[in-house]
Every structure is written in structure tokens, then in C-alpha cells.
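Note sheet for the following structure.
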Amino acid sequence: MTDTNTILSAHTREEIDEWITRYPAEQKKSALLAALRAAQHQNNGYLTTELMDAVADYLALTKIEVYEVASFYSMYELNPVARHNVAVCTNVCCMLMGSDTIVDHLEKKLDIKLGESTADGRIYLKVEEECLAACAGGPMMQVNHKYYTDLTPEKVDEIIDALE
Amino acid sequence: MTEELVTFTVNGQELKAPKGSMLIKATDAADIRIPRFCYHDKLSVAASCRMCLVDVEKAPKPMPACATPVMEGMVVQTRSPRAIAAQKSVMEFLLINHPLDCPICDQGGECELQDVAMGYGGDVSQYSDIKRVVFDKDIGPLIATELTRCIQCTRCVRFGEEIAGMRELGATDRGDRLVIGTFIEKSVDSEMSGNAIDVCPVGALTAKPSRFSARAWEMMQHPGIAPHDAVGSNVFIHTIHGKVLRVVPRDNEAINEVWISDRDRFSYQGLYAEDRLAVPMVKQGHEWVESDWDNALQLAVEGLQAIVKNDSAKQLGAWTSPSATLEEQYLLQKLMRAMGSGNIDHRLRQADFSDQDAAPVMPWLGQSIENIEALDAALLVGSHVRKDQPMIAHRLRKAAIHNKAAISFINPRRFDWHFPVAHECATDMLADLAAVAKAAFELASTPVPAHLADVVNAAAVNDTHRQLASDLQQAENSSVMLGDMAHHHPQFAAIRKLADALAKQTASHLAYLSEGANSGGAWLAGAVPHRGVAGSDAIKGMTFGEMLANPCRALITLNIEPEYDALHGADALAAAKRADFVVAISSYVTDNIKSYADVILPLAMFTETSGTYVNAEGVWQGFKGASVAVGESRPGWKILRVMGNLLDLDGFDYVSSEDVKDELKQQCQDIQLNNSVECTQPVQVAKTTGLQRIGDVPLYAVDALVRRATQLQKTTDAQQNAARINARQATASGVADSDKVKVKQGEVHSYLKLIIDEAIPDNCVWVSAAVHDTLSLGPVFGTIELEKV
Ligand code: SF4
Ligand code: FES
Ligand code: FES
């Protein structure tokens, strides 16, 4: 058994505890998504096996259950990524509105491909899998926790350059 | 219980089934074939593969038969154009990513995907892009994976969660990248993991030990009985050119359902171990030479006769394996008693024989195996049932999960269980059991029986004990079960009496979970020193314990390695060495056997002989030889019959093993199995002081066959060569995790690695028996010392 108290930070544990209270006592499992989010946040935006195991122990789940969830949702990163998570929606609506141009622009500007991080560890260009539910504002992207809509290359420059 | 039945038609045939039950169950019962992948009769319904689509009248689209409840008046077509089109499309879809590697796939020829594709699929696929590939992880020594072949039915995942009770395999990632596996590099450790191979409809999970060695259609299938535990799981033995290639479950709802333990599945590897004995061997002076059977048998018989003549028959002893067949045990005791000796025993791992006269004619389960899953409460005393009797544990698990039964344990330590456990006492078995008995008497305000008064009154009762007693008391269907560690305990007689009193007080079935495949048979056959066949009066002799204290001058051993198979392994080996003449009827030849034996007769093993095992519920399960015996080895009953003939003994003219069995069965006709202990000899409890050894016989160390099963020996469960204590005890004893320590029991010692394990109580050191590094030590219960080296 891993020592969850040292692997999960006090803040992470606090956050998980708060989520646990929102569900019936015997359904700690329901807090798994939030717990993984907190654990990922604590670790510069990606999960390690050690962190997932700690979450499993903390919520009294089997490890494989946690791996299943963490690998299922694209919002969890299972490999080291750069500080800022930039995800351009390329689903149908955004595609029709020109998301390809945005992706091209970003790839050229940062000199990386989708799914890669910049060498300085600043920007991670995520492969976005699904519609981000902001179709009316396409093309759009999500930067960390924030949505930016009606993108143009100029607007993208502005947003990206503002990230430290 | 009356179930409401509904009537509906399938392909025009009128069927009835309980309302709300799934259509596929009804069609299966009526032998109407519906293809399926994810559906499995023993698992929850996933309804994910869609192979079982059928045409239901008035339904807007085809419905999955595995997830469609039957309804009154429903009209179903399984072969209508709509059903056929749906099945064809699903089949085509499932084959999109399936490789065309059937020629090199172990499942080829017994593959559900092949069969269903033949029966329901089309000839061409519209798909022409690349197929996905999965890079496999090593999931341990038993199961080979080729997950590129996986069709994501999740049967294996559901098996792990719902049956094995260990969620080890999972489905990670998603969509077309979904992969079944352990995600990280990790072995699958369940003691019944091999069943995942059977539930897998394709060749994604196959048996590692038999991989790439034969095609399904080349093998011969023979029914058999598994030789390791008291369940006697029904198996099929698959052979090729007379050699066992694999063992798989044979359905028997009353016994093993459709599962078997890994031990029963993979132990056959031991059949072909390097030290398997192929021809008789005899000792000439200090040399061992191979011999023909006639000569070896003649020498064996002459050696025994000489001792009987010069000394007395009382100098003749016999030790038999509890897994020897009924016929072997019966003939061995018949031979012994005909020669005038009652010194025969199969209870090699029992320490306390003091109440043997009060023992049942055949200690048994006290109930049917099926009843276990209907229990409301059970108390297991001295049992790591999950590893000792995996199929009994499976039934207990069902009781705990489906029946909310309160399953509790009184053990020398805590274990990891795969079902919810109500209470677990883990300090001193005898004290805890006495306390529960006391609580039960108090609860019912019944006086304590006089012979138990001392031990019961001295017991300190806590809330757990009271809870345990009341669980049993309140349950309608309850059981008190004695496991391996109870049998190994130096005060087994006291445990037995307390358990009996507790069972009577709470109207529970008293159950024995005995070691070996045929302990029950050994009792019936008279392979005990104090009783003859079927509990009759017969020439009495020394117990195994007495034979160690007073070694006999002549000895017959049947299918055992004393140093591993006896509780006092080192003493047993020494006793065997002290005998002047030893006939070892053995499947193997080892240096130890050579050190004490004078004649070694090669014994055919469980797949090579016909015979009978009596399981814990008293069922006589006969089997026939399935594979060709290695070398010149012969069935034990034949060896013993010829010895009887050569000794000029009466009644050894059997033509078949059935003759032997029939003769015994005749004498067992009137036996009513009854575990009740009628003994009022007062129970004395010996106080122990100082650090105590506790331990078990690990599941892959129980007998000579499984000890040689090379793949099982690589499993996590087989790694039991360490000493375990808790952190507090470690500090007190001045040792730390991973230290090499010297453990001493009286005069003998061994060096082991120390592991800190909080499941071990204070004042105790857990050291398993029957594993290589602990062989030189004393019995599993006793005073022990620990020193850092
Ligand atoms: S490995 Fe076999 S049993 Fe498991 S999901 Fe894949 S096909 Fe089904
Ligand atoms: S398609 Fe981009 S937000 Fe919906
Ligand atoms: S068998 Fe019915 S959906 Fe798989």
C-alpha cells in the first residue's frame, strides 16, 4: 500500500475530501474524476502511476479502476506535458469554422506538432478529441481552464504570448 | 418460491420462462442457438458486443437477446432476414480489427470467434484500412496474452471482478484504442486466474504452459478429477500422444460449477518433472540400480517379510498421502493389517491425535458444497480458505456477496480476503474460539459442558466474540469450519471439541476442510491406525505422530516426500532414515528418497491411473486413466495388489480398480456421515510463552505434484520463503525489513529474509512450511527465536 499522505498533497486531499462529502458515503468512487483532476493539478498537469495508485488507495478503489478512468478521459494526461495545456477544438463545427488554420498557425508558431510540448516546457498542444461544447464560438480553444472563442491567428498570438 | 412464468415464441416455438429473465437464457435452455461473445452464463450482462441481436416483433430495431427480458406474448425470430443482417453486420464489425492469425493462434479450432464467423458472418469485409495492433505486457507465468486478438467483450474483466474477486484486468483507454490488460507491468495473481483463459472467446488469453504445443483437434479429451483439494473439481484432461497437455474445467454445478483453481489447472506440469521416476530402482549395497518390476517387487516383499519375521509386524509402518486414491489407501491398509500391523496413517500434517477415537468415521463438510453459498453465517477456524480450498472460498464469497452472509475467521493472522469479512480474530486461535464458545453459551444462558469448563471459563470475551456468536446463533443456515491450520495446531483436539460445542450450541453445521484430494477416502478406507475400513474395529497401530517418536524398522511410503508432506518434516525424514528397510512407492526419485529407501517403485500419477477420490461432501468420484504413465510406472492399486500376491495374502485377486472400490463400497454402505464429536474428555490447554511460530502450507507446496509445476512455482503465491513479523515485533526483536535473519526452533534453524507485515500479530513469526528454505525447521506452531545475522 502506498503512503497516500505523502504522495497526495494536503491541498489535494482536502479537495478530494470535499468532493467525497457530495456523494453517499458508500460511493466514494463518484469522487474519482475530481480526485484525479486534483492529483493532476498538483503534478504540473499530468498523472503518474504513483499518483493514480495513491488516489486508488485514498478512495478505496482497485488500481486498475483508476487506470481505466484516467486513461479513458482525454482531460487526464498520463505523460509529462508542458505547463500550459492548449487544446484547439477540431470537431465538426469548429472545423467548418476554420480550426485547421488555427492548428496550423499554432504548430508553426510553436514549432511543435499536436500532441507535443515546447522544449522550454511552456506550451503543450493537446490533441483534442471531442467537441468542447462551445460550437457557437468556433473556432475555439481551451487554455488550461479557460475557453477562448472566435479565434483568429492574431488573437491566438495574443493569448499564447501572454502565457508565462 | 413460485416464479411467474410468461409464454412467448421463438422461431415459432412456444417457450416459457420466468418473467423478466433474459431471452438468451430461455433460448439456451431450449437449444435454440443465438451467437454471443460478451454474454456468459456466470457473469453479469454487459450487452456490449451485439452479436446476439435477434428480431423481436414490434421492436423498431434488432434487440440483444442477452439483455432483452422475456415478456408475455413476445414473438422472436433469430433467423429472419433482419436478424441475419444484424448478425452479419456485427460480425463484420468485430472482425475489422481482428488479426487473421488463426494459423498461429492457440485458440484456433476451439475459438468462438471462428465458429460464429463461420456460422453467422459474411465472406468479405468492406474494411480495407490498417488494423490496430496491441503491444502486450507480461501478466505473469500462467496466462499468455495476444491482445491484438481481443474483441473487447470484457468477459475476463467481469470474471476478475465478479468471480475471482480481484479486479486485476481492466479496459483502459477507449474507442478503437481500448485495451484489455493490467495497464502497468504486473502479474495477475488470483488463485483462479486461469479461468479467464476459458471465458475469453478468442485467442487473446491463452494458457502459457501449453502454448504453441498442439491444436485443439489433435487432442484427446478425458474426464478426470482434480487431485489437490477436498472439493475434487471435475476436469477434462487433454492429451496428445498420450501426454497431458492441459487441464480445463468440466462443468459440474454441484461441485466446481464451471471453474477450477489454478492449482488444479496447471499442476499437471509436475507429471513430467525431471526427477520423475521411470523404472523401479533398488539399492545394492550403497549403489542404486535400475531394476525390472519382478525383481524390485520381490526385493520389496522379502525386505518387509524379513523384518516381520525377525522382529514383529509391529515394526512395520506405512505413510500414505491424503491425495492417494481410495483404492491405493484401501489396499495399503489391507496389506498392512493382513501382515499384522495397524501402523498406517495419512494424517501427516496433524499434530494432535489425542481425541482420534472421537473423530467421525469420515470427517466431512457437514453439508453439501452447494449449501455453502446459501449460508447466512460461517465461522472458519484456522483456514486460509481462499488458498487452501479455492472453490469452497468461491462459494463462501457468493454467500457473502449475494446472501450478505456474515463470514468470519479465527486465524493466527489476518489475510487478504476477496469478499467482505464480518469479523477476523487474529491472535490466538484457541483462546478466540473458546471466547466465542463462551459468548454463545452466555447468549443462550446455557451451562458450559463440564469437559469444556476450564478452557471456556478462562476465556476473555470481547465484543467481536459476542458478535461472532450471535451471527451464528441468529443465522438460519450457518457453519463452523475447521481448516488446515486448525488441523496443524498442536491442540487440534481442543479446537475440535470447542468447534463442535459451538456448532451444536448455535445449530451450525460443523465442517472439516481437509487437506489433500482424498482425506475422506483415507478415513473410509481405514488408512488410520485406530480403525479399520468404514470405522470398523481392526488391528490398531501407531499414529503418524507415534511413528515419528518410535520409528518403525520397516516402512512403506505411498506418494509422499516426508520432509515436505509431514508437519514435522525434518523428524519424518529422520524417522524414515532410521528404518532398516523402506519401500517407497513414489512417482519421483530424489536424493532424500534415496537416502532412506531400499526399493523405489514408480507410481503412476493422477492422470495415469484409474481410481476414486471421496470429496469433502462425501461424493465418490471415480476416474479412469487419461494419459500414458511415464516410463514403466504403474497404478498404485496394481503395485499393492501384486505385493499382496507375493506376500501370499488372501483377497488380493482384483482384476480392476473397480473391483477394489466395489469391495470397499460394500463395507461403507451403512455409513451416515456425522461430524458430531462424542467425547467428554476434559480439554486441557497448554500455555505457550515467548515468541511463537505460526505458518501454513502454501497452496503451491501442498503435494509433490504441484511442487514440481514449474509455472505455478513462478507465481507470486509461490514466493513464501520469508519470515514475517509486524513492525512492533521487529523493533522488539531488533530486526528490520529485508534483514537476513536466523530463525531457530529448538535445535534446528534456518536463514530467511525478513518481511514486515502488519497482518501478523504480536509475539508471532509467520514462517510457512513445506517450502525449501524452511524444511529444516520444526512444526508450524511452536516456540521460535529470531536473530539478526
Ligand atoms: S481478452 Fe478475451 S475475454 Fe478479455 S475482453 Fe478480450 S476477448 Fe474478451
Ligand atoms: S465542435 Fe468545437 S466546440 Fe463544438
Ligand atoms: S452477447 Fe448480447 S450483446 Fe454480447
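Protein chains in written order, with our numbering: chain A, 11 to 174; chain B, 23 to 811.
Don't be surprised by glycine CBs; every beta carbon is placed ideally from N, CA and C.
Contact annotation: in the segment 52 to 85 of chain A, residues whose CB is within less than 7 Å of a CB in chain B are T59, T72, I74, E75, Y77, E78, S81, F82.
Spatial neighbours of T159 of chain A in its own chain (CB-CB distance under 6 Å, excluding positions within 5 residues in sequence) are listed in chain order as A144, G147, M150. Contact residues of ligand 2 (beta-carbon closer than 6 Å to any heavy atom; chain order) are A:C99, A:N101, A:V102, A:C103, A:C104, A:C141, A:L142, A:A143, A:A144, A:C145, A:G148, A:M150. Between E87 of chain A and Y56 of chain A, the C-beta gap is smaller than 9 Å, which places the two residues in contact. Under the three-state reduction of DSSP, C60 of chain B is assigned to coil, being neither helix nor strand. Bridge pairing for T167 of chain B: B:L227 [DSSP].
Its Cα nearest to that of A601 of chain B, the residue B:G339 stands out among B:F463, B:N696, B:G339.
Among the bridge pairs identified by DSSP, N256 of chain B is matched with B:I247.
Distance between I17 of chain A and T128 of chain A, taken at the CA atoms: about 27 Å.
Counting only runs that start and end inside the segment 636 to 709 of chain B, the alpha helix (DSSP H) elements of at least 4 residues fall at 658 to 668, 679 to 690. At least one heavy atom of ligand 3 sits closer than 8 Å to the Cβ of P86 of chain B. A direct Cα-to-Cα measurement between P704 of chain B and A516 of chain B gives close to 9 Å.
Ranked by how close their Cα comes to the Cα of P125 of chain B, the residues B:A236, B:P720, B:A626, B:K616 have B:A236 in first place.
For C786 of chain B, no alpha helix (DSSP H) encloses it; the enclosing beta strand (DSSP E) starts and ends at 786 to 789.
Sequence-ordered contacts of the segment 189 to 221 of chain B with chain A read R189, E190, L191, G192, A193, T194, D195, R196, T204, F205, I206 [C-beta pairs closer than 8 Å]. Taking 8 Å as the upper bound for CB-CB distance, W341 of chain B and P584 of chain B are in contact here, some 7 Å apart. The criterion of a C-beta distance shorter than 9 Å is satisfied by V266 of chain B and I259 of chain B. In the DSSP assignment, V477 of chain B falls within the alpha helix (DSSP H) that extends over 475 to 479. Secondary structure of F30 of chain B (DSSP, three-state): strand. At a Cβ-Cβ threshold of 9 Å, V652 of chain B and A626 of chain B count as neighbours. Where V502 of chain B is concerned, the enclosing beta strand (DSSP E) starts and stops at 500 to 504.
Rounded to whole angstroms, the separation of the alpha carbons of A744 of chain B and V550 of chain B is 34 Å.
Proximity of the beta carbon of R171 of chain B to ligand 1 is indicated: a heavy atom of the ligand is located closer than 8 Å. Per the DSSP secondary-structure output, I747 of chain B pairs in a beta bridge with B:I778. Using a Cβ distance threshold of 9 Å, Y635 of chain B and P249 of chain B count as a contacting pair.
Collapsing the DSSP output to three states places S430 of chain B in a strand. For A48 of chain B, the shortest C-beta to heavy atom distance toward ligand 3 is 8 Å or greater. Not one heavy atom of ligand 1 lies closer than 8 Å to the C-beta of A139 of chain B. Runs of the beta strand (DSSP E) lying entirely within the segment 488 to 534 of chain B, each at least 3 residues long, are 500 to 504, 531 to 534 in chain order.
Within the same chain, Cβ atoms closer than 6 Å to the Cβ of G362 of chain B are found at A335, the five residues on either side in sequence being excluded. H487 of chain B and A457 of chain B have their C-alpha atoms roughly 6 Å apart.
Here the alpha carbons of E630 of chain B and D151 of chain B stand approximately 51 Å from one another. In the three-state reduction of the DSSP assignment, L43 of chain A falls in the helix class, which pools H, G and I.
Contact between V96 of chain A and K156 of chain A is ruled out by a C-beta separation of about 10 Å, above the 8 Å threshold. Of the heavy atoms belonging to ligand 1, at least one sits nearer than 8 Å to the Cβ of P223 of chain B.
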